[in-house]
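Quick notes on the structure that follows.
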Amino acid sequence: MTLLGRRAERVAVEHLLAQAQTGRSGALVVRGEAGIGKTAILEHAREAAAASGFRVEHSVGAESETQFAFAGLHQLCAPLLAHADALPEPQQAALGVAFGLRAGPASDRFLVGLATLNLLAEVAENGPLLCLVDDAQWLDEASAQVLAFVARRVAAERIALLFALRDAGDGPVDAFAGLPTMRLDGLSDTDAEALLATAVRTPLDDEVRDRIVAETRGNPLALLELPRSAPPTHLAGGFELPDTLSVPHRIEDEFRRRSSNLPPDTQLLLLVAAAEPTGDVALLWHATAQLGIAREAAAPAEAAGLLEIELRVRFCHPLARSAVYRAATPPDHRRAHGALAAATDPQTDPDRRAWHRAQSVLGTDEDAAAELKQSADRARARGGLAAAAAFLQRATELTPQPAVRASRALKAAYVTHEAGASERALELLLAAPIGSLGPLQRARLDLLRAQIAFHLTRGTEVPGMLMDAAKALAPLDAALSRETYLQALDAAIINGGGDAVRIAEAALAAPAPEVSPRPVDLLLDGLATTLTRGYSAGAPGLRLALAAFRDGPQGESGHSSQSDRWLWLAGRNALAVLDDELLYVLATRNVHLAREAGALAALPAALNFLSITSVLLGDLIRASELAAEATGLTEATGGVPLRHAHVILHAWRGDQAETTALNAIIAQEDIYPDGVRMSPWLSTRWQYCTTGWATIRLRGKRRRERAGPPNCRSAARACPSSSRLPSGPASRNERRSRWSSSAHARMRAAPHGRSAWPPAHER
Numbered sequence: 001m002t003l004l005g006r007r008a009e010r011v012a013v014e015h016l017l018a019q020a021q022t023g024r025s026g027a028l029v030v031r032g033e034a035g036i037g038k039t040a041i042l043e044h045a046r047e048a049a050a051a052s053g054f055r056v057e058h059s060v061g062a063e064s065e066t067q068f069a070f071a072g073l074h075q076l077c078a079p080l081l082a083h084a085d086a087l088p089e090p091q092q093a094a095l096g097v098a099f100g101l102r103a104g105p106a107s108d109r110f111l112v113g114l115a116t117l118n119l120l121a122e123v124a125e126n127g128p129l130l131c132l133v134d135d136a137q138w139l140d141e142a143s144a145q146v147l148a149f150v151a152r153r154v155a156a157e158r159i160a161l162l163f164a165l166r167d168a169g170d171g172p173v174d175a176f177a178g179l180p181t182m183r184l185d186g187l188s189d190t191d192a193e194a195l196l197a198t199a200v201r202t203p204l205d206d207e208v209r210d211r212i213v214a215e216t217r218g219n220p221l222a223l224l225e226l227p228r229s230a231p232p233t234h235l236a237g238g239f240e241l242p243d244t245l246s247v248p249h250r251i252e253d254e255f256r257r258r259s260s261n262l263p264p265d266t267q268l269l270l271l272v273a274a275a276e277p278t279g280d281v282a283l284l285w286h287a288t289a290q291l292g293i294a295r296e297a298a299a300p301a302e303a304a305g306l307l308e309i310e311l312r313v314r315f316c317h318p319l320a321r322s323a324v325y326r327a328a329t330p331p332d333h334r335r336a337h338g339a340l341a342a343a344t345d346p347q348t349d350p351d352r353r354a355w356h357r358a359q360s361v362l363g364t365d366e367d368a369a370a371e372l373k374q375s376a377d378r379a380r381a382r383g384g385l386a387a388a389a390a391f392l393q394r395a396t397e398l399t400p401q402p403a404v405r406a407s408r409a410l411k412a413a414y415v416t417h418e419a420g421a422s423e424r425a426l427e428l429l430l431a432a433p434i435g436s437l438g439p440l441q442r443a444r445l446d447l448l449r450a451q452i453a454f455h456l457t458r459g460t461e462v463p464g465m466l467m468d469a470a471k472a473l474a475p476l477d478a479a480l481s482r483e484t485y486l487q488a489l490d491a492a493i494i495n496g497g498g499d500a501v502r503i504a505e506a507a508l509a510a511p512a513p514e515v516s517p518r519p520v521d522l523l524l525d526g527l528a529t530t531l532t533r534g535y536s537a538g539a540p541g542l543r544l545a546l547a548a549f550r551d552g553p554q555g556e557s558g559h560s561s562q563s564d565r566w567l568w569l570a571g572r573n574a575l576a577v578l579d580d581e582l583l584y585v586l587a588t589r590n591v592h593l594a595r596e597a598g599a600l601a602a603l604p605a606a607l608n609f610l611s612i613t614s615v616l617l618g619d620l621i622r623a624s625e626l627a628a629e630a631t632g633l634t635e636a637t638g639g640v641p642l643r644h645a646h647v648i649l650h651a652w653r654g655d656q657a658e659t660t661a662l663n664a665i666i667a668q669e670d671i672y673p674d675g676v677r678m679s680p681w682l683s684t685r686w687q688y689c690t691t692g693w694a695t696i697r698l699r700g701k702r703r704r705e706r707a708g709p710p711n712c713r714s715a716a717r718a719c720p721s722s723s724r725l726p727s728g729p730a731s732r733n734e735r736r737s738r739w740s741s742s743a744h745a746r747m748r749a750a751p752h753g754r755s756a757w758p759p760a761h762e763r
């Protein structure tokens, strides 16, 4: 195809291809609004690459596929799987489990990313490879993370990756932030007029032409599509475009008008194609046959330029798919999804079949709901929390029995919160028939409300809410009650105030575990003892608990997975008992498990803590990357801002201006999520890990050079025993201000850069 204008963009794409052809891999993200020409840039890249001897593979994100973990990655890699035999067995297994080709525990996303990188590299051994990903904003979260991982690590494999992505705000968390980016704006007036002339063959009044160009803002798709159905009177007298609609809405309206003029069978065929975004031609024909639609019904849609049916089913533009689906009536939606469910093989793709079947139901259907629950279990086992949440939400809607519906709504809300959509989880709870819940479920409901409140607000009332939930759970589920006490204790320590000791006393008075203590039970006892009886009494119990977290099975049993949820609190206590090696192990494992599960509610705090740990180990570059990732996820999921790592990092770098600025922000906020006022033994330790290290590093440079990597024990020994955080009647904001001011005052002389610790193999 020939691009009009876009000279700089063409040069950038051709440079990417030329670099890849000579063995210097690279990636480029093309951003812009809908219809601005991103797909055209990708098509230009496809043609240029094919002419240069590249192998070209592509994937297209689809709105209806965002809940299917690894769906977009499978679309890209499926034609390449013949080369997977060359991968190490663990990587073959990771891809096989991720793509549903073999059974096994949820794939480690790092391993899936590594396997994908090596698979692409293996293919590129036979010639340069171009990977095109259109509508990347609609990729499922797992695929987006893996492809971004690959894009950041390609080097000398003769691989080029090109992503087309709508502007921020149109999709989920932007996994592609930080990659080389090229933004597309509207065409210049001259190019826009030339493009408009190709779409309108009749003479245009100058004023009408100028108005069209101005109102479309140089959007190529708007320039091409809108004039096709405009009445001649509009072209002659003023081309009426509603100013209140955005360009994408205008384009979608145009596609809707064009499809509405087609024969009824053709419209229904288009709807089936829109509801099945994988582009499987055989599946389309099987589904339409279920509806009694002949294949010839596709011809009018192809003639109208809305659809292409070759090796795949392709709409002329993603907005055409959206317009077709939105224009259809609910009964037609159900017919289309019902036909797709009947045509989908339940053995090879049970989850997609269950999803289509669920969309075909009017009212309630327990069988369809039960199928979706099974799909949710499979999705969660594969690390697809977002998919599991979507399946459970729909299962709840389909469940006829109020008690079962309430139970499923509660489970759906739990998983939705874990997936990072806490406000949506609250909506699910509000809609649930909570009157049908039993005592245990009501206690779990109160627990979830408190957990969501803590995630969204860090409210001072949350520790009390959690303690009340723990007391209610005690006679119903002793194990969960003890975990809830630990969460209440954690919230109280983070928020500050006097709740921590009161909760610790209540936890020690609660019934002991009926079975062998789990790591989480040992941690509760050790922390509660420390807070009520002092460090010397509690530290041995804490060390015993931390050893259990370190040495216990990882993800091999229900107990281990429950304990894994407390790794970040275990890591903080490793900091408190001066065990820095264990601190690094626990903080790293916590991030790994949160990533693997897709737990966006827990991942920001895990990243934040690993960032702080990396600062303590002298790896400032990695600390900065982790803190930035945590901030991006928090902004995307609506959680409380986590600023502690940024304060520590800037203070360590000696950046007084930025540390002062962050100090001012923290002092003005109603909440301080990372916690300052803790028990005396923990606050002293925390203070010197955040405010005293730069000074200690300068004073003890020669000693550390002899002793090896930084060690928090030497820091603790160097700290004068009288050093404590400000306390007394001052307000929390005043305490924050004094604490953070002392941080940048002590650290403004800290050297910049990165130390040689941890060792390279652990980074």
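The numbering used here applies: residue 1 is where the sequence shown begins, and numbers increase by one.
Using N, Cα and C, we set each Cβ at its ideal position, and we do this for glycine too.
With respect to 6 Å, is the separation between the Cβ of residue i and the closest non-hydrogen atom of the ligand MN below this value?
i: SER624; result: The ligand MN is absent from the structure shown, which contains no ligand whatsoever.
So for residue i, helix, strand or coil by DSSP?
i: SER360; result: coil
i: GLY700; result: Unreliable placement is indicated for GLY700, whose pLDDT of 39 sits below 50; the coordinate value is still reported in the next sentence. In the structure shown, GLY700 sits in coil (DSSP, three-state: anything other than H, G, I, E or B).
i: GLY26; result: strand
i: ALA645; result: helix
i: VAL515; result: coil
i: PHE99; result: coil
i: GLU790; result: Residue 790 is absent from the model: the chain starts at 1 and stops at 763.
i: GLY464; result: helix
i: ASP655; result: coil
i: SER52; result: coil
i: GLU57; result: strand
i: GLY420; result: coil
i: GLY32; result: strand
i: LEU16; result: helix
i: ALA164; result: strand
i: ARG764; result: Any property of residue 764 remains undetermined from this structure, which presents the chain solely from 1 to 763.
Please report the Cβ distance between residue i and residue j, rounded to the nearest whole angstrom; I am assuming they are in contact, meaning their Cβ atoms lie under 8 Å.
i: PHE68; j: ALA387; result: 6 Å
i: ALA500; j: LEU531; result: 6 Å
i: LEU119; j: LEU147; result: At roughly 12 Å, the Cβ-Cβ gap does not stay under 8 Å, so LEU119 and LEU147 are not in contact.
i: ILE309; j: GLU302; result: 7 Å
i: GLY816; j: LEU569; result: In the structure displayed, the chain extends from 1 to 763; residue 816 sits before or after that span and is not available.
i: ALA160; j: LEU42; result: Actually they are not in contact, since the Cβ atoms of ALA160 and LEU42 sit about 12 Å apart, beyond 8 Å.
i: ASP580; j: LEU616; result: 7 Å
i: GLY127; j: GLY53; result: 6 Å
Anyone know if the C-beta pair for residue i and residue j falls short of 7 Å?
i: ALA343; j: ALA273; result: no
i: ALA574; j: LEU582; result: yes
i: ARG153; j: LEU117; result: yes
i: ARG326; j: GLY279; result: no
i: PHE508; j: ALA528; result: Strictly speaking, residue 508 in this sequence is Leu, with Phe absent from that position. In this structure, ALA528 lies closer than 7 Å to LEU508 by Cβ.
i: VAL11; j: ALA45; result: no
i: GLU457; j: LEU473; result: A small correction: the amino acid at residue 457 is Thr; Glu does not occupy that position in the sequence shown. Result no, Cβ atoms of THR457 and LEU473 do not sit closer than 7 Å.
i: ILE612; j: ALA645; result: yes
i: ARG140; j: THR66; result: Residue identity differs from the one stated: residue 140 is Asp in this sequence, not Arg. Yes, Cβ-Cβ distance for ASP140 and THR66 is below 7 Å.
i: PRO346; j: ARG335; result: no
i: ALA601; j: VAL591; result: no
i: ALA323; j: GLU252; result: yes
i: ARG217; j: GLY186; result: yes
i: THR181; j: ARG31; result: yes
i: ILE36; j: LEU184; result: yes
i: ALA29; j: PHE149; result: The residue you asked about is not Ala; residue 29 is Val in the sequence shown. Cβ distance not < 7 Å, so VAL29 and PHE149 don't count as in contact.
How about residue i: is its C-beta nearer than 7 Å to some C-beta of chain D?
i: ALA148; result: Looking at the structure shown, chain D is missing, and only one protein chain is on hand.
- Any chance the region 134-153 sits against the region 3-21, with 3 or more Cβ pairs inside 8 Å? No: the two stretches stay apart, fewer than three of their Cβ pairs being nearer than 8 Å.
- Unbroken stretches of the beta strand (DSSP E), 3 residues or longer, contained in the region 270-323: Those beta strand (DSSP E) runs which fall completely within the region 270-323 and span 3+ residues are 307-309, 313-315.
- Item | Three or more C-beta pairs below 8 Å linking the region 443-452 and the region 423-435 | Yes: the two stretches touch, three or more of their Cβ pairs being nearer than 8 Å.
- Just checking, does the region 459-476 make contact with the region 422-430 on the three C-beta pairs under 8 Å criterion? At 8 Å Cβ cutoff, the stretches do not touch.
- Is it true that the region 73-92 meets the region 399-419, where meeting means three or more beta-carbon pairs spaced less than 8 Å apart? They do not touch, by the three-pair rule.
- Run through the region 111-152 for me and flag every whole alpha helix (DSSP H) of 4 or more residues, listed as ranges in chain order. If one requires a minimum length of 4 residues, the alpha helix (DSSP H) runs lying completely within the region 111-152 are 141-151, in chain order.
- Message: For the pair the region 367-378 and the region 72-85, tell me if three or more CB-CB distances fall below 8 Å.
- Response: No, because fewer than three Cβ pairs between the region 367-378 and the region 72-85 fall closer than 8 Å, the two stretches do not touch.
- Message: Between the region 54-63 and the region 71-80, can you find at least three pairs of beta-carbon atoms closer than 8 Å?
- Response: The region 71-80 is in contact with the region 54-63.
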